[in-house]
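**Q** Chains as they are written, first to last, in our numbering: chain S, 1 to 198; chain W, 199 to 396. Just so you know, even glycine gets a beta-carbon here, dropped at the ideal spot from N, CA and C. All values reported here derive from a predicted model rather than from experimental measurement.
#1: Kindly say whether residue 79 (chain S), judged by its beta-carbon, lies nearer than 8 Å to any beta-carbon of chain W.
#2: Classify residue 203 (chain W): buried if its beta carbon has 16 or more other beta carbons within 10 angstroms, exposed otherwise.
#3: Can you tell me where the alpha helix (DSSP H) holding residue 85 (chain S) begins and where it ends?
#4: Return the chain-ordered list of same chain residues with a C-beta closer than 8 Å to the C-beta of residue 268 (chain W), the five sequence neighbours on each side being excluded.
#5: Going by the CB atoms, is the gap between residue 53 (chain S) and residue 158 (chain S) shorter than 8 Å?
#6: Take every Cβ of the region 125-140 of chain S, pair it with every Cβ of the region 158-168 of chain S, and state whether three or more of those distances are shorter than 8 Å.
#7: Can you give the beta carbon distance from residue 265 (chain W) to residue 90 (chain S), rounded, assuming they're within the 8 Å contact cut?
#8: So the beta strand (DSSP E) residue 356 (chain W) belongs to, where does it begin and stop?
#9: Entirely within the region 79-128 of chain S and at least 4 residues each: give me those alpha helix (DSSP H) ranges in chain order.
#10: Quick check: what's the CA-CA separation for residue 165 (chain S) versus residue 105 (chain S)?
#11: Can you confirm whether residue 269 (chain W), when its beta carbon is compared against all beta carbons of chain S, has any partner nearer than 8 Å?
#12: Measure the C-alpha to C-alpha separation of residue 325 (chain W) and residue 189 (chain S) and round it to an integer number of angstroms.
#13: Please report how far the alpha carbon of residue 372 (chain W) lies from the alpha carbon of residue 311 (chain W), in whole angstroms.
#14: Run through DSSP, which three-state label would residue 13 (chain S) get?
#15: Can you tell me where the alpha helix (DSSP H) holding residue 269 (chain W) begins and where it ends?
#16: At a CB-CB cut-off below 7 Å, which residues of chain S make contact with residue 299 (chain W)?
#17: Are residue 2 (chain S) and residue 25 (chain S) closer than 8 Å when you measure CB to CB?
#18: Taking DSSP as the reference, what is the three-state secondary structure of residue 135 (chain S)?
#19: Among W:367, W:211, W:218 and W:376, which has the Cα closest to the Cα of residue 316 (chain W)?
#20: Using a Cβ-Cβ cut-off of 8 Å (strictly less than) and excluding sequence neighbours within five positions of residue 318 (chain W), which residues of its own chain qualify?
#21: For chain S, is any of its Cβ atoms less than 8 Å away from the one on residue 295 (chain W)?
#22: Have a look at residue 33 (chain S) and residue 116 (chain S) and give me their C-alpha separation to the nearest angstrom.
#23: Within 8 Å (strictly less), CB to CB, does residue 64 (chain S) reach chain W?
#24: Measuring CA to CA, which of W:339, W:240 and W:255 is closest to residue 217 (chain W)?
#25: Where does residue 223 (chain W) sit, in a helix, a strand or coil, going by DSSP?
#26: Does the Cβ of residue 102 (chain S) have 16 or more other Cβ atoms within 10 Å, making it buried, or fewer, making it exposed?
#27: Give the interface partners of residue 67 (chain S) over in chain W, defined as CB-CB distance under 9 Å, in chain order.
#28: Using only the alpha-carbon positions, how far apart do residue 229 (chain W) and residue 12 (chain S) sit?
#29: For residue 186 (chain S), count the other beta carbons within 10 Å of its own beta carbon; 16 or more makes it buried, fewer makes it exposed. Which is it?
#30: What are the residues of the region 311-343 of chain W that lie near chain S, defined by any Cβ-Cβ distance shorter than 8 Å?
#31: Buried or exposed for residue 16 (chain S), going by 16 or more other Cβ atoms inside 10 Å?
#32: Please classify residue 14 (chain S): is it buried, with 16 or more other beta-carbons within 10 angstroms of its beta-carbon, or exposed?
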C-alpha cells in the first residue's frame, strides 16, 4: 500500500491517522506540492483532480480523502468504523459530506489563507469556520461521536483534522467545550498519531 | 416517508429523482425558504444545518442530500445502486464528496448567484464550474457512469442535478460531448423525472 502524501495536509493526515488507528502501514510517497508535482501528467493520471492524498492498494489508485477512508474501513476495519446498515451508513455519509464541504471551506480554507498565504477571503472562511465549530459543538453535546454511534467511525476521522487545526486559521477553539472533549476522546484512541500543529 | 422539499433546489431534486427511479413515493412537505422557514427552531430540530432536503422515514430524520441517497439505496434499492464491496463503495464516495463540494461550489453556486440573485463572486463560481464540467467530461470519456460501474449508482444521481442545471448559472454545456451523452443516458432511465430547468 502506498500513500501519495504531503505532511502538512490535513486531508493526507486523516488517512495516515486512520491507517495508524487500524494498525496498518503504507509507504509514504511525498508529493512536492510547492513544486507543482500534483499538476503534472503522471500525477493527474492517478488523480484527475490534482490533489493529495492518493492511495494505491492492490493495483488500484484511489483519491478523495473521504473515499479513501471508506475504502480502508471496508477493506481492513471491523464494521464499527463504518456500519453496514442503511441508517448507520447514512449517518456517516452525512459527516463525510461535511468534511468535504463545510470543514474544507471553513477551517480548512482559513488555515490555507493564514498558514500558506493562499490568496482569498480570509474573513469569509473564518465566518464559515465559526459555523462549522458551532455545528460540531452542538452535535457533540448530544452524541459522543459524530455519526451517533457508541464508538468512533470514519466520520470522526474525516472531520477531526480541519476542526482540530482551526487555530492555524486564526480561530479560537477554547469556547467549544464539547468539541474539545471530543478532541480528547480521539487523542486517547489506541494508535492515535498527531501531525505538525496537533 | 416524508420529504421536506423545495421545488427549485437541485439537492431536493436529487432525492425526488432517486425515489422515482426506485418507484418509491414520499409525501412532499414544501419548506418556505424565502420566508426563512429553514432557520426556525422546529426545522433546525430536524436539521441543525438549516438546509433542505430532510427525509423522515420510520421516525428518523435524515439530512444532507448525499446521506439521504446512501440511506435510500441501502434501505430500498438493490446493490447495483450502491455496491457493497470496499472498492465499489469508495468509488461512489469519491463522487458523493464531489457533489457535496465541487459541484455545489461551482455550478450550484453560479446558479444561486444568477437565478436567485444570491450575492457573491459569480466569476469565481463560474471558473470552478468550468473545472467541474471538464473533470466530469473527462471521467465520462473513460466510463459510462461516474463510479466506473456497469450501471448507474447514487454517484450519478448526486452529481447530475447541478451539472445539468449549469446553464442556469450562465455556463455553456454544449462543448462537453461526454457529459451530454451521460445526461441522455440518465434521462433514458425508467422512472426518470425532471425539474424546472431540466
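**A** On the basis of the data shown:
#1: In the first chain, the residue the question calls residue 79 (chain S) occupies position 79. Chain W, which has no Cβ nearer than 8 Å to the Cβ of residue 79 (chain S), makes this no.
#2: Here residue 203 (chain W) refers to the residue found at position 5 of the second chain. Residue 203 (chain W) comes out buried.
#3: By 1-based counting over the first chain, the position of residue 85 (chain S) is 85. Unbroken run through residue 85 (chain S): none, as it is neither H nor E.
#4: The count along the second chain starts at 1 and reaches residue 268 (chain W) at position 70. The residues 280, 294 and 352, in chain order, have a CB closer than 8 Å to that of residue 268 (chain W) in the same chain once the five nearest residues on each side in sequence are set aside.
#5: Residue mapping note: residue 158 (chain S) aligns to position 158 of the first chain, counting from 1. Residue mapping note: residue 53 (chain S) aligns to position 53 of the first chain, counting from 1. No; because the gap between Cβ atoms is not below 8 Å, this pair is not in contact.
#6: Segments in contact, yes.
#7: Position 67 of the second chain, counted from the start, is the residue given in the question as residue 265 (chain W). Position 90 of the first chain, counted from the start, is the residue given in the question as residue 90 (chain S). Going by Cβ atoms, the distance from residue 265 (chain W) to residue 90 (chain S) rounds to 5 Å, so yes, they are a contact pair.
#8: Here residue 356 (chain W) is taken as the residue at index 158 of the second chain, counted from 1. Element bounds for residue 356 (chain W): not the beta strand (DSSP E) but the alpha helix (DSSP H), 352-362.
#9: Within the region 79-128 of chain S, the complete alpha helix (DSSP H) runs of at least 4 residues are 86-98 and 109-115.
#10: As a first step, residue 165 (chain S) is located in the first chain; it is residue number 165 there, counting from the start. As a first step, residue 105 (chain S) is located in the first chain; it is residue number 105 there, counting from the start. Rounded to the nearest whole angstrom, the C-alpha separation of residue 165 (chain S) and residue 105 (chain S) is 13 Å.
#11: If you number the second chain from 1, residue 269 (chain W) lands on position 71. Residue 269 (chain W) counts as touching chain S.
#12: Walking along the second chain from the start, residue 325 (chain W) turns up at place 127. Walking along the first chain from the start, residue 189 (chain S) turns up at place 189. Looking at the two C-alpha atoms, the distance is approximately 42 Å.
#13: Taking the second chain and counting its residues from 1, one reaches residue 372 (chain W) at position 174. Taking the second chain and counting its residues from 1, one reaches residue 311 (chain W) at position 113. Cα to Cα, residue 372 (chain W) sits roughly 21 Å from residue 311 (chain W).
#14: Locating residue 13 (chain S) in the first chain gives position 13, counting from the first residue. Reduced to three states, the DSSP call for residue 13 (chain S) is helix.
#15: Sequence index remark: in the second chain, residue 269 (chain W) carries index 71 (1-based). Annotation: the continuous alpha helix (DSSP H) that includes residue 269 (chain W) extends over 263-274.
#16: As a first step, residue 299 (chain W) must be located in the second chain, where it is residue number 101. The contacting residues are 100, 101 and 104.
#17: For the purposes of this step, residue 2 (chain S) is taken as residue 2 along the first chain, with counting starting at 1. For the purposes of this step, residue 25 (chain S) is taken as residue 25 along the first chain, with counting starting at 1. At a Cβ-Cβ threshold of 8 Å, residue 2 (chain S) and residue 25 (chain S) do not count as neighbours.
#18: Translated into positions along the first chain, residue 135 (chain S) becomes position 135. DSSP places residue 135 (chain S) in the helix class (H, G or I) of the three-state scheme.
#19: The residue you call residue 316 (chain W) lines up with position 118 of the second chain. Of the candidates W:367, W:211, W:218 and W:376, the one whose C-alpha sits nearest the C-alpha of residue 316 (chain W) is W:367.
#20: In the second chain, the residue the question calls residue 318 (chain W) occupies position 120. Cβ neighbours of residue 318 (chain W) beyond the five flanking positions: 307, 310 and 311.
#21: Taking the first residue of the second chain as position 1, residue 295 (chain W) is located at position 97. True, the Cβ-Cβ gap to chain S drops below 8 Å.
#22: Reading the first chain from its first residue, position 33 is the one you call residue 33 (chain S). Reading the first chain from its first residue, position 116 is the one you call residue 116 (chain S). Distance between the alpha carbons of residue 33 (chain S) and residue 116 (chain S) is about 12 Å.
#23: By one-based count along the first chain, residue 64 (chain S) stands at place 64. With 8 Å as the cut-off, residue 64 (chain S) counts as an interface residue toward chain W.
#24: Within the second chain, numbered from 1, the residue matching residue 217 (chain W) stands at position 19. The shortest C-alpha separation from residue 217 (chain W) is found at W:255.
#25: Residue numbering aside, residue 223 (chain W) sits at position 25 when the second chain is read from its first letter. Annotated three-state conformation of residue 223 (chain W) is coil, per DSSP.
#26: Taking the first chain and counting its residues from 1, one reaches residue 102 (chain S) at position 102. Buried.
#27: If you number the first chain from 1, residue 67 (chain S) lands on position 67. Here the neighbours are 287, 288, 289, 290, 291, 292, 293, 294 and 295.
#28: For the purposes of this step, residue 229 (chain W) is taken as residue 31 along the second chain, with counting starting at 1. For the purposes of this step, residue 12 (chain S) is taken as residue 12 along the first chain, with counting starting at 1. The alpha-carbon separation between residue 229 (chain W) and residue 12 (chain S) amounts to approximately 39 Å.
#29: Numbered from its first residue, the first chain carries residue 186 (chain S) at position 186. That one is buried.
#30: For the region 311-343 of chain W, the set of residues with a beta-carbon nearer than 8 Å to any beta-carbon of chain S comprises 333, 336 and 337, in chain order.
#31: The residue you call residue 16 (chain S) lines up with position 16 of the first chain. It counts as buried.
#32: For the purposes of this step, residue 14 (chain S) is taken as residue 14 along the first chain, with counting starting at 1. Label assigned to residue 14 (chain S): buried.
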